[in-house]
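Everything in the sequence shown is counted per our numbering, starting at 1 for the first residue and increasing by one. Here a beta-carbon is modelled for each residue, glycine too, at the ideal position from N, C-alpha and C. Bear in mind that the values here come from a model prediction, so they are computed numbers and not experimental data. Beneath this line is the structure, given in structure tokens, with notes to follow.
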Amino acid sequence: MSLFRSVVRGTGSALPRAVVTNKDLEARIDTSDEWIQQRTGIRQRYIAGDGETTVSLGEAAARRALDAAGLVPEDIDLVILATATPDNTFPASSTQIQRRLGITKGFAFDVQAVCSGFVYALTTADLYLKAGMARRALVIGAETFSRIIDWSDRTTCVLFGDGAGALVLERQEGDPSGPGVLISRLRADGSHGDKLFVDGGPSSTGTVGHLRMEGREVFKHAVGMITDVVEESLEALSLTPGDIDWFVPHQANRRIIEASAKKLGIAIEKVVITVDQHGNTSAASIPLAIDHAVRDGRIRAGDLVLLEAMGGGFTWGAVVVRW
Ligand code: UT7
């Protein structure tokens with residue numbers, strides 16, 4: 001029987017024009033550059049301005065990923081967008097990225113798993129490709145959390161930023177040691193829904209609402225959930241943390257990233273960290289970090305790359321990819 005793999009053909013990312021530094025925030029709310037850096041590792045974030053939306057950022061990231069892959073929009077027959085901040089309640093923003101790219105075949109839909117959105121979307125795309133329902137997928141994470149932040153709440157507004165990242169995945173017949181998505185493990189536990197949520201929605205309040213988070217509670221669960229799902233993935237592949245070339249975690253907080261890497265036994269030099277530059281961009285953070293590490297030459301063909309995320313729901317998951 002043939003073995004099909006979902007192979008990464010190209011990556012891309014996009015950021016809004018405006019950078020907002022911690023010093024800029026000091027002028028607006030009761031906070032300090034020192035507090036933000038010490039507690040989170042964040043130095044700056046990008047914030048969407050006029051005309052910049054989840055769809056426009058997602059489109060820009062997708063175009064760069066297609067360029068990197070040497071492909072054109074007509075080559076794509078599946079678009080999956082991970083986002084918790086779509087341009088509209090409907091139609092799905094993925095369809096509007098599809099329209100802007102001029103893709104008229106195949107299908108498109110959004111995936112909503114907040115900060116875990118990208119690992120959910122990548123897993124979903126991998127299964128559609130392996131099942132033969134599509135040949136090439138654009139998997140995009142794009143967010144404009146600045147539009148759902150309560151800018152008067154210093155406990156949350158300093159943490160988030162806007163941006164987008166994208167991967168082109170292609171169904172290829174391969175061998176077990178070749179490139180492609182090797183394994184995914186996804187989890188959800190809705191009993192934690194009140195620890196990180198938006199206090200509005202189309203069916204409850206009829207409003208968009210604002211992000212609310214019990215940061216300490218989320219922090220308490222994050223490292224354990226992340227390491228559980230990573231260890232389970234590696235075990236299923238008969239791999240050890242020492243086999244990982246690059247660890248690309250969701251970029252929520254440098255302390256969570258460092259504690260997870262330490263608990264897993266992954267050297268910090270192998271961890272891709274962009275939270276200092278981008279803040280927490282939710283579903284966009286992993287593909288943004290991947291694109292940076294691919295373009296600066298860290299992630300190369302043949303590397304074993306471990307992705308993981310945890311966020312609202314709670315949802316969490318891990319994906320291992322041979323580049
Ligand atoms: O991506 C989805 C997942 N989300 C996360 O992973 C976020 C997880 N949580 C975290 O990253 C951390 O809990 C935070 C960065 C949100 C907060 O760090 P912390 O060390 O847990 O701080 P804390 O909430 O315990 O607050 C400590 C103090 C409080 O003052 P008191 O009560 O000790 O006097 C806060 O009022 O820091 C205060 N504080 C601030 N001070 C200056 C909270 N926000 C700020 C701020 N500037 N922006």
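The straight-line gap separating the alpha-carbon atoms of Met133 and Leu81 is approximately 17 Å. Nearest to Thr83 by C-alpha distance, out of Leu169, Thr144, Gln172, Val321, is Thr144. With respect to the 8 Å criterion, Arg28 and Gln37 are not classified as neighbours on the basis of their beta carbons.
Within the segment 204-242, the complete beta strand (DSSP E) runs of at least 3 residues fall at 211-213. For Thr315, the enclosing beta strand (DSSP E) has its first and last residue at 315-322.
Contact between the segment 94-106 and the segment 301-313 is not established, with fewer than three Cβ pairs separated by less than 8 Å. For Gln96, the enclosing alpha helix (DSSP H) covers residues 93-101. Straight-line spacing of the CA atoms in Val230 and Ala318 works out to 6 Å. Here Asn22 is buried, its C-beta having at least 16 other C-beta atoms within 10 Å. The shortest CA-to-CA distance from Glu258 to any of Ala69, Thr227, Ala283 is the one to Thr227. By the beta-carbon neighbour count (other beta carbons within 10 angstroms, threshold 16), Val271 is buried.
Restricting attention to beta strand (DSSP E) runs no shorter than 3 residues, the segment 30-89 encloses them at 44-47, 78-82, ordered along the chain.
A Cβ-Cβ separation of about 11 Å leaves Phe4 out of contact with Arg135 under the 8 Å criterion.
Of the heavy atoms belonging to ligand 1, none sits nearer than 7 Å to the Cβ of Gly297. Inter-segment contact for the segment 162-171 and the segment 11-26 is present: three or more beta-carbon pairs are separated by less than 8 Å.
Under DSSP, Gln172 takes part in a beta bridge, and its partners are Arg5. According to the DSSP assignment, Thr123 belongs to the alpha helix (DSSP H) that extends over 117-130. Inclusion of His250 in the 7 Å shell around ligand 1 follows from its C-beta lying nearer than that to a non-hydrogen atom of the ligand. Counting the other CB atoms within 10 Å of its CB gives Ser238 a total below 16, which places it among the exposed residues. Beta-bridge annotation (DSSP): Ala164 is paired with Ala14, Ala142. Restricting attention to Val139, Ile149, Ala293, Ser282, the CA atom closest to the CA of Ala125 is found in Val139.
Distance between Ala48 and Pro86, taken at the CA atoms: about 13 Å. Per DSSP, reduced to three states, the secondary structure at Thr21 is strand. Relative to ligand 1, Ile268 has its C-beta separated by 7 Å or more from all heavy atoms. Cα atoms of Ala236 and Leu288: separation of roughly 27 Å, rounded to the nearest angstrom. Look at Gly313: its beta carbon is at least 7 Å from all of the heavy atoms in ligand 1. Judged by beta-carbon spacing, Pro179 lies within the 8 Å limit of Val7, meaning their Cβ atoms are closer than that value. Distances from the CA of Ala92 to each of Ser116, Leu71, Val55 were compared; the closest alpha carbon is that of Val55. Put simply, the backbone Cα of Ala18 is about 14 Å away from that of Arg147. Taking 8 Å as the cut-off, the beta carbon of Ala284 is found no closer than this to the beta carbon of Ala108.
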